[in-house]
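If you're matching positions, the sequence shown starts at 734 in the numbering used here and goes up one per residue.
Using N, Cα and C, we set each Cβ at its ideal position, and we do this for glycine too.
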Amino acid sequence: ITSQKKSYCTAEIVEIIQPSPDRDIPVCEIYGVCGGCSWQHVQYPVQLQQKRQIFADTLWRGGRVDGSLISDTVASPLAYDYRSRVRFKVSADRGGLRIGFHRNSTHVVENALNGCPVAKPVINEILNCLRSVLQGYAGVGFIDQISIDSGEQGAVAVVHYSGKDLSGLKSYLIGSSSKLGPCTGLFIQANRKTEPEKLWGSAEISYCMPGRNPDQGSCVLTYLPGGFAQVNQAQNVALLSIIRRLGDFRPADRLLDLYCGNGNFSIPLADDVASVYGIEGSEGSIRSANSNKIRNNISNVNFVCADAKVALRRLDPDATPFDVILLDPPRTGAGDVVPEIARLNPSRIIYVSCDPSTLARDCGLLAGHGYGVVESVPLDMFPQTYHLESVTLLNKK
C-alpha cells in the first residue's frame, strides 16, 4: 500500500502470482517506467470492454446517465502505430542525450532509444534522425522538447529551444536538413508563447475527412505546427461518422460548431446542413479554419475567433437560431457555457468529449435545462492508455 484515502487505497504490484488470461506482453521496452502508455499489459479486446465499463460507471455516478444508453466502445483499426502527433522530451547531461518521455510522476526523461510503439513509424524514423543530428550540437542541453506531426503529405518537426544562441541552432539545423530522412518541414520554437518559426520545407500538416457524399471525394484539411489535431486519424474519421449518424442532419439545419478548431468537423459537415457557425478561441486554429474553408470551396460556413462564453452571449436565439449545437471542448469540459447553450434552445446537442468525468458533470447540468441523453458512444482514440473519446447525443425533452 502506497497511500490511503477515505474511500480507496493505492498500491504497487510486488509479485504476480497467477497472471490473468487477459494479460498481454507489453511491446515497449520502457513500459511501466514511461509515463505514457498504461494498458499495454491488457489484451486489446479487454481494453475496449473495460473502457466501456469505466465510461458507463462514470456517466452514471456523475450525470445519472443510464448504462443502457452507452454503446460498445468503437475499436481503433490500429492498436499500435496510430499516433500522428508525438511530443518527445529532451534532456542532456553527463549521462548523454536522452530523448523520450517523462518517467511516471517525475520530470526525469526516460530514453526511448527504439522510439514509441504507438507512434506512426515515420515519426520514429524522424526521431532517430534528429537524435543523430542533435548529438553533434554543443548546445543540445537547451533543447527541452521535440514535436513531430505526421500528415498525409509528409511529416513536420518542431524543435523547442530555451537557449540564447538561437541563430547558431538555426544554422546548424538548416545545415543538417539532408540528414533528417522523411522529415518534410522543420520549425524552431524559442518561446512557448510564440508561434513556431519555419526553417525549411512544408509549413502545414494535411489530412482528409470524408464529405457527405463519398462520390464527391474528401475534404483536405490542414493545421499549423503547434495547432491542435486529433492524434488518431482513423478514429477522427470514425468520430465524424458517429456525429453524422447521431445528428441526423437535415438540409435546412443550422449548425453551431463550438470549439471548432481548424474546422475539423465544420468543413466536412457543410454539405449536410444549410449553414455552419464555428467558434474557436485560438487565433492560429481560426486562420487554419478559414484557409480550409477556401481550399475546399465552402461558402456556407463562417468562423469567429472568440472565447466560447463571450461569443455565445453575443448570439440572439431569435435572430440567429440554431437547430444543432456540436461542441468539442477541452478536457475541462463545457460547464461554464452550459447556461448559454441552453439559452440558444437547440433541439439537439452533440457533445464530443475526451474526459468522461467532465462529460458526466455537463450531462447533469444539461439535464437541469431539459436535455436528456439519447445515446453515448465511447471511442478508443488512444489504445494502450486509459484515455477515452466519446460522442453523446442529447435531445430537448
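Three or more Cβ pairs drawn from the stretch 1020-1035 and the stretch 984-1004 lie within less than 8 Å of each other, which places the two stretches in contact.
Taking the Cβ atoms as the reference, Tyr815 lies roughly 7 Å from Ala967, within the contact range of under 8 Å.
About 15 Å separates the beta carbons of Ser1018 and Val1009, which is beyond the 8 Å limit, so they are not a contact pair. Counting other Cβ atoms within 10 Å of its Cβ, Asn965 reaches 16 or more and is therefore classed as buried.
Cβ-Cβ separation between Ala1044 and Ile1012: approximately 5 Å, consistent with a contact (criterion under 8 Å).
Assignment of Cys761 by DSSP, reduced to helix, strand and coil, places it in the coil class. In the structure shown, Pro1111 falls within a strand segment according to DSSP collapsed to helix, strand and coil. For the 8 Å CB-CB criterion, Ser1086 and Thr1125 form a contact. A contact between stretches requires three or more CB pairs, one per stretch, nearer than 8 Å, and the stretch 837-850 meets this requirement with the stretch 750-770. Under the criterion of beta carbons closer than 8 Å, Gly833 and Lys822 qualify as touching, at roughly 6 Å. When DSSP states are grouped into helix, strand and coil, Pro854 belongs to the helix group. Secondary-structure assignment with DSSP links Ala890 through a beta bridge to Ile881, Leu919. One thing to note: Leu1059 has its Cβ within 8 Å of the Cβ of Ile1083. Per the coordinates, the alpha-carbon of Pro1079 lies some 22 Å from the alpha-carbon of Cys1038. Where Arg816 is concerned, there is no enclosing alpha helix (DSSP H), because DSSP gives it neither an H nor an E. Counting only runs of 3 or more residues that sit fully inside the stretch 990-1065, the beta strand (DSSP E) segments are 1008-1013, 1034-1038, 1057-1060, in chain order.
Taking the Cα positions, Ala871 is about 57 Å away from Arg797. For Ile1074, DSSP assigns no beta-bridge partner whatsoever.
Ala1100 is positioned such that its CB atom lies no closer than 8 Å to that of Gly795. Residue nearest to Gly769 within the set Leu973, Val819, Glu1016, Phe1055 is Val819 (criterion: CA-CA distance). The DSSP-derived three-state label of Trp772 is coil.
Taken through DSSP and simplified to helix, strand or coil, Ala789 comes out as helix. Contact between Gly960 and Ser951 is ruled out by a C-beta separation of about 20 Å, above the 8 Å threshold.
With a beta-carbon spacing of about 6 Å, Ser939 and Val953 fall inside the 8 Å limit used to define contacts. Taking Ala789 as reference, the option from Ile803, Leu919, Pro754 with the minimal CA-CA separation is Ile803.
Between Val851 and Pro1116, the gap from beta carbon to beta carbon is short of 8 Å. CA-CA distance, Leu1127 to Asp1069, rounds to 18 Å. Inter-residue distance for Ile787 and Thr1118 is about 13 Å (C-alpha atoms, whole angstroms). Annotation: Ile758 to Leu1121 spans about 22 Å, alpha carbon to alpha carbon. Here Asp882 really is in contact with Pro958; their C-beta atoms are around 6 Å apart, less than 8 Å. Ser1021 and Thr955 do touch by the CB rule: their CB atoms are close to 6 Å apart, below 8 Å.
A distance below 6 Å between beta-carbons, with the five flanking residues on each side excluded, links Phe1055 to the following residues of its chain, in chain order: Arg987, Leu989, Leu1077, Pro1079. For Asn969, same chain residues with a beta-carbon under 6 Å away, outside a window of 5 residues either side, are Gln963 in chain order. In the structure shown, the three-state DSSP call for Phe875 is helix.
Between Asn1023 and Ala1007, the C-beta gap is not smaller than 8 Å, which leaves the two residues out of contact.
Boundaries for Leu802: no alpha helix (DSSP H) harbours it, and the DSSP string shows neither H nor E there.
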